[in-house]
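Student: The structure under discussion is supplied below as structure tokens; questions concerning it will follow.
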Amino acid sequence: MIRSYRLLSLLVLALFALEPLQAQLMNKGTIKFEVTDVQTNNPDMQQMIGSMKGMAQTLQFDGAQQQMTVDMMGGLMRINTFWTGANSTVETYMDMMGQKIKTIMSNEDVEKMRKESEAMIKSEDIKYDKSVTKKILGKDCYKAYYETDANGQKFSMEMYVTEDIKVPNSFLQNLNQIELKGTPLMWIMDAGMMKMTFMATDISKDLGSDFFKKPEGAYQEMSMEQLKQMGMGGQIGF
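Converting from the sequence shown to the numbering used here requires adding 7 to each position, the first position being numbered 1.
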């Protein structure tokens with residue numbers, strides 16, 4: 008069970024990718040998201056996905072940096088990801104029921120990951136349909152869509168993006184090297200055996216002065232290679 012939750016934590020980590028978006032207007036503030044629906048056709052995953060529904064994500068950003076906090080299981084599991092635009096570094100702090108792990112990706116690590124991802128998906132693979140729209144928290148959004156079938160494994164993502172918000176960094180799995188035309192306020196990930204819906208629940212221009220403060224405590228520092236050796240690398244997209 009602990010291994011399943013660790014896998015879940017590292018899967019969630021993969022949602023936060025690394026490429027600037029081309030949106031306008033709001034470029035500083037806080038967006039809160041929630042997993043509103045989780046479905047699976049695998050009975051063995053039922054207990055795990057039960058802990059995912061209601062999972063909260065908080066994205067805080069200004070023009071130069073951003074921080075994403077993910078809370079699961081009522082705060083028993085927390086992931087904090089910090090991105091610094093000046094040097095394109097990414098620091099991640101994972102507290103998985105008391106086991107604390109810290110990873111640091113240098114600019115070189117980030118560039119390597121982007122190059123590896125470029126072989127999987129390009130900007131032109133994202134399809135947009137402005138005739139399909141949604142109003143989410145007062146923001147006009149339109150549909151963006153991506154699907155792939157790699158080695159028999161199907162994956163699709165349906166997004167509703169707004170051009171009214173600009174965040175420094177994209178934060179969606181498998182799209183780290185893609186310049187989306189807007190910021191997603193809703194997205195549905197379908198990996199075949201599991202389907203998840205994420206929805207923005209609050210948008211605010213408020214931003215605390217300490218939003219980029221790193222968690223305190225004894226975190227064990229691990230490299231991405233070490234995470235791969237734990238058997239998690241393939242699932243988190245690195």
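Backbone N, C-alpha and C fix where the C-beta goes; we use that ideal spot for every residue, glycine too.
1) Give a yes or no on whether 8 Å exceeds the smallest Cβ distance from Tyr153 to chain D.
2) To the nearest angstrom, report how far apart Ile172 and Leu32 are at their CA atoms.
3) Glu82 by DSSP, collapsed to three states: which one?
4) If we require 3 or more residues per run, which beta strand (DSSP E) segments fall completely within the region 143 to 196?
5) When the Cα atoms are used, what is the spatial distance from Asp51 to Met201?
6) How is the alpha helix (DSSP H) around Gly105 delimited, first residue to last?
7) Excluding five sequence neighbours on each side, which residues of the same chain lie with their C-beta closer than 8 Å to the C-beta of Thr96?
8) Mapping the DSSP letters down to three states, classify Ser216 as helix, strand or coil.
9) Could you give the distance in angstroms between the alpha-carbon of Thr204 and the alpha-carbon of Leu192?
10) Out of Glu41, Gln160 and Val174, point me to the one whose CA is closest to Gln64's CA.
11) Just the Cα atoms here: how many angstroms apart are Glu154 and Ala198?
12) Let's test the definition: count the other Cβ atoms within 10 Å of the Cβ of Leu187 and tell me whether it reaches 16, buried, or not, exposed.
13) Does the distance from the CB of Met75 to the CB of Thr88 come in under 8 Å?
14) Would you report the Cα separation of Met80 and Met62, rounded to the nearest angstrom?
15) How about Thr47 and Asp213: are their beta carbons less than 8 Å apart?
16) Just to confirm before moving on: does the CB-CB distance between Asp209 and Lys39 stay below 8 Å?
17) Around the C-beta of Gly189, are 16 or more other C-beta atoms found within 10 angstroms, so that it is buried, or is it exposed?
18) Once you ignore the five residues that flank Thr140 on each side, which residues in its own chain have a CB closer than 6 Å to its CB?
19) Tell me, which residues are paired with Asn48 by DSSP?
20) Does the beta-carbon distance from Met196 to Met164 come in below 8 Å?
21) Can you give the Cα-Cα distance for Gln233 and Lys161, rounded to whole angstroms?
22) Output the distance between the C-alpha atoms of Ala207 and Ile143, rounded to the nearest integer angstrom.
23) What do you get for Leu66, buried or exposed, if any count of 16 or more other CB atoms within 10 angstroms of its CB means buried?
24) What is the rounded straight-line gap between the Cα of Asn34 and the Cα of Phe219?
Tutor: So, to answer that:
1) In the structure shown, chain D cannot be found, because there is only a single protein chain.
2) Along the sequence shown, read from residue 1 onward, the residue named residue 172 stands at position 165. Along the sequence shown, read from residue 1 onward, the residue named residue 32 stands at position 25. The alpha-carbon atoms of Ile172 and Leu32 are separated by roughly 6 Å.
3) Position 75 of the sequence shown, counted from the start, is the residue given in the question as residue 82. Sequence inspection shows Gly at residue 82; the Glu mentioned does not correspond to that position. In this structure, Gly82 counts as helix in the three-state DSSP scheme.
4) 146 to 157 and 160 to 169
5) Walking along the sequence shown from the start, residue 51 turns up at place 44. Walking along the sequence shown from the start, residue 201 turns up at place 194. Between Asp51 and Met201, the C-alpha separation is close to 12 Å.
6) Start at 1 with the first residue of the sequence shown, and residue 105 comes out as number 98. Here Gly105 belongs to no alpha helix (DSSP H), and DSSP marks it neither H nor E.
7) Working through the sequence shown from its first residue, we reach residue 96 at position 89. Correct list, in chain order: Trp90, Ile111, Met112, Ser113, Asn114 and Val117.
8) For the purposes of this step, residue 216 is taken as residue 209 along the sequence shown, with counting starting at 1. In this structure, Ser216 counts as coil in the three-state DSSP scheme.
9) As a working note, residue 204 is residue 197 in the sequence shown. As a working note, residue 192 is residue 185 in the sequence shown. In a straight line, the C-alpha of Thr204 is about 11 Å away from that of Leu192.
10) By 1-based counting over the sequence shown, the position of residue 64 is 57. Of the listed residues, the one whose Cα sits closest to Gln64 is Glu41.
11) Working through the sequence shown from its first residue, we reach residue 154 at position 147. Working through the sequence shown from its first residue, we reach residue 198 at position 191. Cα to Cα, Glu154 sits roughly 10 Å from Ala198.
12) Within the sequence shown, residue 187 is the residue found at index 180, counting from 1. Counting Cβ neighbours within 10 Å, Leu187 comes out buried, since at least 16 surround it.
13) Here residue 75 refers to the residue found at position 68 of the sequence shown. Here residue 88 refers to the residue found at position 81 of the sequence shown. It is a contact, given that the beta carbons lie within the stated cut-off.
14) Sequence index remark: in the sequence shown, residue 80 carries index 73 (1-based). Sequence index remark: in the sequence shown, residue 62 carries index 55 (1-based). Spanning the two alpha carbons is a distance of roughly 7 Å.
15) On the sequence shown, residue 47 is found 40 positions in, with the first residue counted as 1. On the sequence shown, residue 213 is found 206 positions in, with the first residue counted as 1. Cβ atoms of Thr47 and Asp213: not closer than 8 Å.
16) One-based indexing of the sequence shown puts residue 209 at position 202. One-based indexing of the sequence shown puts residue 39 at position 32. Yes, Cβ-Cβ distance for Asp209 and Lys39 is below 8 Å.
17) Taking the first residue of the sequence shown as 1, we reach residue 189 at position 182. Flag for Gly189 reads buried.
18) To locate residue 140, count along the sequence shown from 1; it is residue 133. Contacts found: Tyr149.
19) Along the sequence shown, read from residue 1 onward, the residue named residue 48 stands at position 41. DSSP, once it has assigned bridges, lists no residue as partnering Asn48.
20) The sequence position of residue 196 within the sequence shown is 189, counting from 1. The sequence position of residue 164 within the sequence shown is 157, counting from 1. Yes, they are a contact pair.
21) Against the sequence shown, residue 233 aligns to sequence position 226. Against the sequence shown, residue 161 aligns to sequence position 154. Cα-Cα distance, rounded: 27 Å.
22) The count along the sequence shown starts at 1 and reaches residue 207 at position 200. The count along the sequence shown starts at 1 and reaches residue 143 at position 136. If I take the Cα positions, the gap works out to 8 Å.
23) Looking up residue 66 in the sequence shown gives position 59. Buried is the call here.
24) As a first step, residue 34 is located in the sequence shown; it is residue number 27 there, counting from the start. As a first step, residue 219 is located in the sequence shown; it is residue number 212 there, counting from the start. If I take the Cα positions, the gap works out to 16 Å.
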